[in-house]
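These notes concern the structure reproduced below.
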Amino acid sequence: MGIIDMSTSQPLLHIDGLQKYFEESSNVLDIFSRKESTKIQAVDKISLTVEKNDSVAIIGESGCGKSTLLLTLIGLHEITGGDVLYRGRPLSKFDRNDWKEYRSKVQVIFQDPFNSLDPKMTVEESLKEPLEIHNIGDQRQKVRSILKDVELRPPEKYLKRKPANLSGGEKQRVSIGRALILEPDIILADEPVSMLDVSTQASVLKMLKRLVGEYDASMIYISHDLSTVSYIAEKVYVMYLGRFVESASTNQVLENPKHPYTKALVDAIPVPDPHYNRPRTVMSGAPRDPIDLGEGCRFRDRCPEVIAPDSIDIDQDAYREVMAFRERLERDELFVDRIRKSIEPDAEGQSLADAIRDEYFTMPLSGNNAATVDAALNEIAAGESEAAERRLRERFESVCEITPEYIEDKPGWHVACHRYYNIDSQHE
Amino acid sequence: MNNYDSLLEVKDLTIRYQTDRGDITAVSDASFQINEGEFFGLAGESGSGKSTTAKGIIGGLDQNGFIHDGSVRFRGKEIQDFTEAQLNDELRWKEISWIPQSSMNSLDPLQKVSEQAVEIGQVHTDFSEKELRQKIKEMFDVVGLSQSRVDDYPHQFSGGMQQRAVIALALFLEPSLVIADEPTTALDVIMQDQIFKYLDRVKEENSTSLLLITHDISVIFESCESVAIMHASQIAEKGSTKAIHDNPRHPYTFLFKEAFPDIREPDRDLEVIDGYPPELIGEVSACSFVDRCPWAVDECHEDAPALEHVGDADAGHAASCFRSDEAYELYKDRELAVQTPPPHGDH
């Protein structure tokens, strides 16, 4: 990886271990408390190759880093690690001319058609602007032909209109036309239909897919919505807290997801059928903030399948709670002070350790599991959090605390989960 | 025994907005009812009047909006003439709670979430401060917020977290009826499912009712017993979700339904509904779907069809379409024709 072979043809776009961290700027309070600046790990060692005519989708929930990835790809964020290679040339070494070429060949369609068009410009002016910037002639003809392509017919009806006189679907069609008018190699589409009514979504998606083919372009489609992805992309990358956890062909991911997070995501999609009894999700909580995430699988604090050590005997749901609790403890997110304050004055005899247990544990524990947790809770209440961390780690440490490799489980099917890693290494 | 038939009964409701161009009819002659322990979905595109219907029910219309005609009964009692004070004393929060579409502005920025919860709780219930704090904390768990964050101010939350805090507040006094306007549309699917998992539970335990307003018919089909489909101010069709799913009678219903992806059939062609809902000024004297309907006939232009009983399976199944007997058959025939195109079909 990362070695450029100039003799053969290069992939169109190669994202190679891309990393984008933000330093959270210190505020006055942090300076007084001498707090170290924290790192927001928005995108962490992402790799992805797009060949000519590929349509791939990146799927993830809000906050997973997919929008940061997009802004980094178009040069609006500085890369903090790894690189992006466009036809073999690294973005980090681009000069002015390289950027100009790249920005005509890599076009973006943004989520919000209500804000991405200049309200003072007519449709014609909006579509002409990129042609003028890149000194391309025959503008009149090109604008008319692109309007026909995006199904705004007859073009004369739309040329002089301003965005205020277009519906959401029509605006997004103009945005798509604007992205295609320079005949780009790559379209980056960021949730292009999520703000449109469902009755319009399907037609815009169909059209986008058709045009990407007709213009001989490739597409990276970014969305939180797995339910429509089969209409637009052949391959899906699933992202969680800055990393890819799984990638495979769209149908494989939908029909037989491997990573526990992908499973949860697919299983939570509503099915439009009152006769179908889809079980509700087994997940609880929400993803963490992507701050100082450290080693290990990033889904482990919510994962239904987090792997308990062989040495202990524990119910899986109880183990999940212990792991979520350890995670908070180690990240200093137990809010012990607030829990202490919230112990109601008339609740006599309730110790701080009990209050913490009440807040974070619902499943029964027994034997040595219970004894270890009780001892740790007492240590936390006594202000000895580090001792509690050590005690809990010693008994409950999971293989999931080691970052799982992103392995190819089957040809073309990558997954980053110890469930698969273990199975494979046992077979070998 | 109760002296009323259903928890909420909306009858012949017409709501208009005063504008310079005349009165715009946002809701026209809408009727439906919600029973105790029933989850009822109100579906439609943006601009169909579904949010206005909900606002009309709880006295939350914009300045220029007014109820032109019809009645809204809660537990048999007409509530549209309630004063603000009456609405607050007798209905809001404890009986009917409201999750607005954009929750960003619905929390008081100057109060901690716990203080807002305690204040609402003390006005509307006899619970102690301690009990109220405990209740809001439990709700924070349900919506995936850390319990200890109940003492945060709204600005300390992200947009998605504020939405979840509002959901927690709306549910924590265990109201009889929750009116939720696109409550989970801005949330991710897993969080949406976590919230509906809780709603299923309170329905089971407390017979809570839900009026769910959303464009997302998949959520309604899985979570609700009944549904009304709205198009441009009119209820096009209503009935049990099963009847509407299996035997839709209004063209808008089946086109809308078929516009939704189904994860079980990733390759199915999605339906597209051409055109946009019209803006209606004054009396509505035609079917509001007529300009978008592939099966419209002269009659549809001349009169607004009444919402009339259709089908056999469900006594509450009604559609407002002059061709409700044949429309779905015509649609299925057309689909069949498309699936077997002539050898030189256009591309």
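If you read the sequences in order, they're chains S and L.
Each residue of the first sequence is one higher than the one before, starting from 1072 at the first, in our numbering.
Each residue of the second sequence is one higher than the one before, starting from 52 at the first, in our numbering.
We treat Cβ as the ideally placed atom computed from N, Cα and C, and that holds for glycine.
Since this is a predicted model, take the numbers as computed values, not measurements.
DSSP state of residue i mapped onto helix, strand, coil
| i | result |
| --- | --- |
| L:Trp35 | Since the first residue shown for chain L is 52 and the last is 398, residue 35 of chain L is missing from the structure and cannot be characterised. |
| S:Ile1074 | Because S:Ile1074 carries a pLDDT of 46, less than 50, the predicted location of this residue cannot be relied on, and the following value inherits that uncertainty. In this structure, S:Ile1074 counts as coil in the three-state DSSP scheme. |
| L:Cys133 | Reading off the sequence shown, one finds Phe at residue 133 of chain L, where the question assumed Cys. The answer is coil: DSSP assigns L:Phe133 none of H, G, I, E or B. |
| L:Asp376 | coil |
| S:Arg1461 | helix |
| S:Tyr1491 | helix |
| S:Tyr1311 | strand |
| S:Arg1281 | helix |
| L:Ala388 | helix |
| S:Met1290 | strand |
| S:Glu1479 | strand |
| S:His1498 | Residue placement at S:His1498 is flagged as unreliable, the pLDDT there being 44, under the threshold of 50; a coordinate-derived value is accordingly withheld. |
| L:Glu189 | helix |
| L:Asp342 | helix |
| L:Val323 | coil |
| S:Leu1084 | strand |
| L:His398 | For L:His398, the predicted model reports a pLDDT of 43, less than 50, meaning its position is unreliable; a value from the coordinates is still stated below. Of the three classes helix, strand and coil, the one that applies to L:His398 here is coil, per DSSP. |
| L:Ile332 | strand |
| S:Glu1317 | strand |
| S:Pro1161 | strand |
| L:Asp349 | helix |
| L:Phe178 | coil |
| L:Ser82 | strand |
| L:Val28 | Shown here, chain L extends from 52 to 398; a query on residue 28 of chain L therefore has no answer. |
| L:His119 | strand |
| L:Thr103 | helix |
Other residues of its chain near residue i: CB distance less than 7 Å, five sequence neighbours each side excluded
| i | result |
| --- | --- |
| L:Ser57 | Gln84, Ile85 and Asn86 |
| S:Ala1453 | none |
| L:Arg343 | Ile324, Asp325 and Gly326 |
| S:Lys1199 | Gln1210 and Val1214 |
| S:Glu1460 | Leu1400 and Glu1401 |
Close Cβ partners of residue i (< 6 Å) along its chain, the five nearest in sequence each way excluded
| i | result |
| --- | --- |
| L:Ile230 | Ala105, Trp149 and Leu262 |
| S:Gln1112 | Tyr1092, Gly1313, Pro1361 and Leu1364 |
| S:Pro1475 | Cys1368, Ala1487, Cys1488, His1489 and Tyr1492 |
| L:Glu180 | Val169 |
| S:Phe1432 | Glu1392 |
Nonlocal neighbours in the same chain, by C-beta distance under 8 Å from residue i, ignoring five residues either side
| i | result |
| --- | --- |
| L:Val253 | Leu222, Glu225 and Thr259 |
| S:Asp1480 | Lys1329, Val1486, Tyr1491 and Asp1495 |
| S:Asn1439 | Ile1383 and Arg1466 |
| S:Glu1122 | Pro1082, Leu1083 and Ser1289 |
| S:Ala1379 | Ile1385, Gln1387, Tyr1390, Phe1467 and Ser1469 |
| S:Lys1110 | Tyr1092, Phe1093, Glu1094, Glu1095, Ile1362 and Asp1363 |
| S:Val1275 | Gly1240, Gln1243, Arg1244, Ile1247, Pro1263, Val1264 and Leu1267 |
| L:Glu129 | Ser122 and Val123 |
Cβ distance (whole Å) where residue i is taken to contact residue j below 8 Å
| i | j | result |
| --- | --- | --- |
| S:Ile1258 | S:Ile1207 | Not a contact, Cβ separation roughly 18 Å. |
| S:Arg1160 | S:Asp1169 | 7 Å |
| L:Leu183 | L:Val169 | 5 Å |
| S:His1205 | S:Ser1175 | 5 Å |
| S:Ala1304 | S:Val1127 | 6 Å |
| L:Glu233 | L:Ile268 | With a Cβ gap of about 13 Å, L:Glu233 and L:Ile268 do not count as contacting. |
| S:Tyr1302 | S:Gly1131 | Actually they are not in contact, since the Cβ atoms of S:Tyr1302 and S:Gly1131 sit about 18 Å apart, beyond 8 Å. |
(request) Write down every uninterrupted run of the alpha helix (DSSP H) in the segment 239-314 of chain L whose length is 4 residues or greater and which is fully enclosed by it, in chain order. (result) As far as the segment 239-314 of chain L is concerned, its whole alpha helix (DSSP H) runs of at least 4 residues are 240-257, 268-274, 292-297 and 302-309.
(message) What are the residues in the segment 231-248 of chain L lying within 9 Å of chain S by C-beta distance?
(response) Going along the segment 231-248 of chain L in chain order, one finds Ala237, Leu238, Asp239, Val240, Ile241, Met242, Gln243, Asp244, Gln245, Phe247 and Lys248 with a Cβ nearer than 9 Å to chain S.
(request) Pull out every residue of the segment 156-171 of chain L whose Cβ sits closer than 7 Å to any Cβ of chain S, in chain order. (result) Per Cβ criterion, the list is empty.
(message) Under 8 Å, CB to CB, which of the residues in the segment 312-332 of chain L have a partner in chain S?
(response) Answer set for the segment 312-332 of chain L: Pro312, Asp313, Ile314, Arg315, Pro317, Asp318, Leu321, Glu322, Val323, Ile324 and Tyr327.
(request) Taking only beta carbons into account, state which residues of the segment 1350-1374 of chain S come closer than 8 Å to chain L, listed in chain order. (result) Cβ contacts with chain L come from Arg1351, Thr1352, Met1354, Ser1355, Gly1356 and Ala1357.
(message) Quick check for students: name the residue ranges of the alpha helix (DSSP H) that lie wholly in the segment 1374-1404 of chain S, counting only runs of 4 or more.
(response) At a cut-off of 4 residues, the continuous stretches assigned as alpha helix (DSSP H) that sit fully inside the segment 1374-1404 of chain S are 1387-1401.
(message) So if I threshold CB-CB distances at 9 Å, which residues from the segment 252-275 of chain L count as touching chain S?
(response) Cβ contacts with chain S: His266, Asp267, Ile268, Ser269, Val270, Ile271, Phe272, Glu273, Ser274 and Cys275.
(message) Give me the subset of the segment 1286-1309 of chain S whose CB atoms are less than 9 Å from a CB atom of chain L, sorted by chain position.
(response) His1295, Asp1296, Leu1297, Ser1298, Thr1299, Val1300, Ser1301 and Tyr1302
(message) My parser needs the alpha helix (DSSP H) runs of 4 or more residues fully inside the segment 1171-1244 of chain S; what are they?
(response) 1194-1204, 1210-1220 and 1226-1230
(message) Counting only Cβ-Cβ distances shorter than 7 Å, please list the residues of the segment 1255-1272 of chain S near chain L, keeping chain order.
(response) Asp1268, Val1269 and Ser1270
(message) Under 9 Å, CB to CB, which of the residues in the segment 198-215 of chain L have a partner in chain S?
(response) Gln198, Ser199, Arg200, Val201, Asp202, Ser209, Gly210, Gly211, Met212 and Arg215
(message) Please identify, using Cβ separations under 8 Å, the residues of the segment 112-141 of chain L that lie next to chain S, in order along the chain.
(response) Result list empty, no residue passes.
(message) As an exercise, report each continuous alpha helix (DSSP H) stretch of at least 4 residues that is fully enclosed by the segment 1106-1149 of chain S, in chain order.
(response) 1137-1144
(request) Note down, in chain order, all residues in the segment 282-299 of chain L with a beta-carbon under 7 Å from any beta-carbon belonging to chain S. (result) If the cut-off is 7 Å between Cβ atoms, the segment 282-299 of chain L has Thr292, Lys293 and His296 near chain S.
(request) Name, going along the chain, the residues of the segment 1383-1407 of chain S whose beta-carbon falls closer than 7 Å to a beta-carbon of chain L. (result) Phe1406
(message) If the cut-off is 8 Å on Cβ atoms, which residues from the segment 88-111 of chain L count as contacting chain S, listed in chain order?
(response) Glu96 and Ser97
(request) Report the residues of the segment 1118-1139 of chain S with a CB closer than 7 Å to any CB of chain L, ordered along the chain. (result) Residues Glu1132 and Ser1133.
(message) Along the segment 1217-1241 of chain S, where does the CB come closer than 7 Å to a CB of chain L? Name the residues.
(response) Taking 7 Å as the Cβ-Cβ cut-off against chain L, the residues of the segment 1217-1241 of chain S that qualify are Ser1238.
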